[in-house]
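Written below as C-alpha cells is the structure these notes are about.
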Amino acid sequence: MLKFLIRRILIAIPQLFALSIIIFVLASMMPGDALSGEIDPTVTGETLEHLRELHGLNDPWYEQYGRWAGSILTDFDFGRSFVYKMPVIDLIGDRMLNTALLGVLTLLFTYLLAIPLGITSGRFNDSLIDRAVGLYTYVGFAVPSFIFGLIALFVFGFQLGWFPTGGSVTPGLQTGTFEYYISKLYHMILPALSLALISTVGTVQYLRSEIIDVKHKEFILTARAKGASEERVYNRHILRNSLLPIAAFFGYEIVGIMGGAIFIERIFSFPGMGDLMVRSVLQRDYSVVTALMMMFGTLTIIGTMLSDIILAIVDPRIRIK
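Structure below.
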C-alpha cells in the first residue's frame, strides 16, 4: 500500500507541472492583457507600452511563467489583482470558506439523497419506484447544473420566496453570532440542494447497478439457501458489499461539485471562488484567473488521487505492484 501511495503522489507532481503550464499559456492567450480592464481609455500608447514593459507583459511567455511559478513555489504568492488592488491570495481567502462550506453541504445532501434512492432502486429493480428513480436520473444526466439552478432559483426563490435569491448572509448581522451562522446556512441550502440533485444521479445509478449485481452472486444465493432472512441478506451481505465501492467515488464527487459550483455560485450570486472565477474572466483579471484555475485543477488532481487511494484500500487487487 505504501508503494502504491508513493507512486500515486509522484505521478501527481508532473501532472501539476503540466497543468500550471497549460493554465498560464491559455490565460495569456485571452483577448487583451492584464492591464486592459485597468487603463483609462485616454492613456496614450507610449504610456501603455511603458506600463506593459514595467509589468513584464512584453517578455516571452516562458519568462513570465518562470516568475509566476517561482513566486508560487517560494512565497505562495499568486500576484496582485489588477481589479481589486489586493494580493490574490487574500482575495481568494475571503471566498474560499464560502465555497468549502457550500461543498460540504452539497456532499451531505448528495449522499443523503443518493444512497436511499440507489438502495431502493436496486432492491426493487424493474418495479414502479425503480422506473421513477430511473426517470429522475435520466433527467439529471440530461439537464446541466446551471439550468437546474435557474429553475430552482425562479421557483423557490422568486415565486415561492422560500429561500434568499442571492448573497451568503443577511446584511447587518454581526459576524460570529448564532443568527449569523443560521443565516449563512439558510443562504446555502438552495444552491447546495440544486447542485446535489444533479450530483446524485451518477451515484444512484452506480449503487443500483452494484446492488443488482451483488444480489445475484453465489454467496448471496448460498446465504438464502441456508435460511437467512431477506433483511439479513440485504443488510449484512448485499449492502455491505455494494456500499464499499461508493466510498471510492468520494474524490470524484468533490471534483464534480467544485466544477458545478462555478455556475451555481454565479446564478445565486453566492460570493465564492466560482463566482469570483467568472467575474475575473469577464474583467480580464489574469492573476486571479490563473490562481483560481490552478486551485481548481489541483483539487481535481487531489480528488482523483484520493479516489484511487480509497479504491485501493477497498479492493487491494487494483494496487500497483
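Basically the working numbering = 1-based index in the sequence shown + 9. Every residue, glycine too, gets a C-beta built ideally from N, C-alpha and C.
Between the CA atoms of residue j and residue i - distance to the nearest angstrom
| i | j | result |
| --- | --- | --- |
| Gly268 | Thr129 | 28 Å |
| Leu196 | Thr179 | The sequence given here places His at residue 196; Leu does not occur at that position. For His196 and Thr179, the distance between alpha carbons rounds to 8 Å. |
| Asp139 | Pro153 | 23 Å |
| Ser238 | His225 | 16 Å |
| Gly136 | Ser29 | The sequence given here places Ser at residue 136; Gly does not occur at that position. Cα to Cα, Ser136 sits roughly 49 Å from Ser29. |
| Leu216 | Gly131 | 7 Å |
| Pro280 | Glu240 | 46 Å |
| Gly185 | Asn107 | 15 Å |
| Ala109 | Phe165 | 23 Å |
| Gln292 | Met286 | 10 Å |
| Phe305 | Ile221 | 35 Å |
| Glu72 | Asp103 | 30 Å |
| Glu219 | Ala21 | 30 Å |
| Ser80 | Glu58 | 24 Å |
| Tyr145 | Ile156 | 15 Å |
| Gly143 | Phe26 | 41 Å |
| Glu200 | Phe163 | A small correction: the amino acid at residue 200 is Pro; Glu does not occupy that position in the sequence shown. Spanning the two alpha carbons is a distance of roughly 12 Å. |
| Ala234 | Ile318 | 36 Å |
| Ala151 | Asp84 | 44 Å |
| Leu308 | Thr174 | 28 Å |
| Tyr147 | Asn134 | 16 Å |
| Leu63 | Leu182 | 44 Å |
| Arg76 | Ile31 | 15 Å |
| Leu19 | Glu227 | 40 Å |
| Val210 | Leu82 | 39 Å |
| Tyr190 | Arg288 | 26 Å |
| Ile329 | Asp68 | Note that Ile329 has pLDDT 49, beneath the 50 cutoff, so the model's placement of it is unreliable and no number is given. |
Contacting residues, own chain, Cβ-Cβ under 6 Å from residue i (five flanking each side not counted)
| i | result |
| --- | --- |
| Pro96 | Arg89 |
| Gly283 | Ala270, Ile271 and Glu274 |
| Gln24 | Ile310 |
| Ile98 | Phe87 |
| Gln214 | Thr146 |
| Phe187 | none |
| Gly236 | none |
Per DSSP, cross-strand counterpart(s) of residue i
| i | result |
| --- | --- |
| Pro96 | Arg89 |
Whole-number beta carbon distance between residue j and residue i, since they are thought to touch under 8 Å
| i | j | result |
| --- | --- | --- |
| Phe277 | Gly170 | Contact doesn't hold; Cβ gap of about 15 Å is too wide. |
| Ile15 | Leu301 | Not confirmed; about 30 Å, so no contact. |
| Gly149 | Ile207 | 5 Å |
| Ala141 | Ser203 | Contact doesn't hold; Cβ gap of about 20 Å is too wide. |
| Phe33 | Tyr93 | Between Tyr93 and Phe33 the Cβ distance is about 20 Å, and since that is not below 8 Å, they are no contact. |
| Ile198 | Phe167 | That pair is no contact at about 16 Å. |
| Arg17 | Met314 | 5 Å |
| Ala321 | Phe13 | 6 Å |
Contact set for residue i: own chain, Cβ-Cβ below 8 Å, skip 5 residues either direction
| i | result |
| --- | --- |
| Thr212 | Thr119, Tyr120, Ala123, Ile124, Gly127, Ile255, Phe258 and Glu262 |
| Ala36 | Tyr295, Val298, Thr299 and Met302 |
| Leu332 | Because residue 332 is not part of the residues shown, which for the chain are 10 to 330, the question remains open. |
Residues near residue i in its chain [Cβ-Cβ closer than 7 Å; skip 5 each side]
| i | result |
| --- | --- |
| Ala78 | Ser29 |
| Ile229 | Val223, Val242, His246 and Ile247 |
| Lys193 | Ser177 and Val178 |
| Ile266 | Gly112, Thr115, Leu116, Leu204 and Ser208 |
| Trp70 | Val34 and Ser37 |
| Val290 | Val298 |
| Met105 | Met282 |
Checklist entry - In the stretch 254-307, which residue ranges form an unbroken alpha helix (DSSP H) of at least 4 residues, counting only runs that do not cross its ends? => result 259-276 and 282-292
Checklist entry - Taking the runs of the alpha helix (DSSP H) that are 4 residues or longer, which of them lie wholly in the stretch 148-178? => result 154-161
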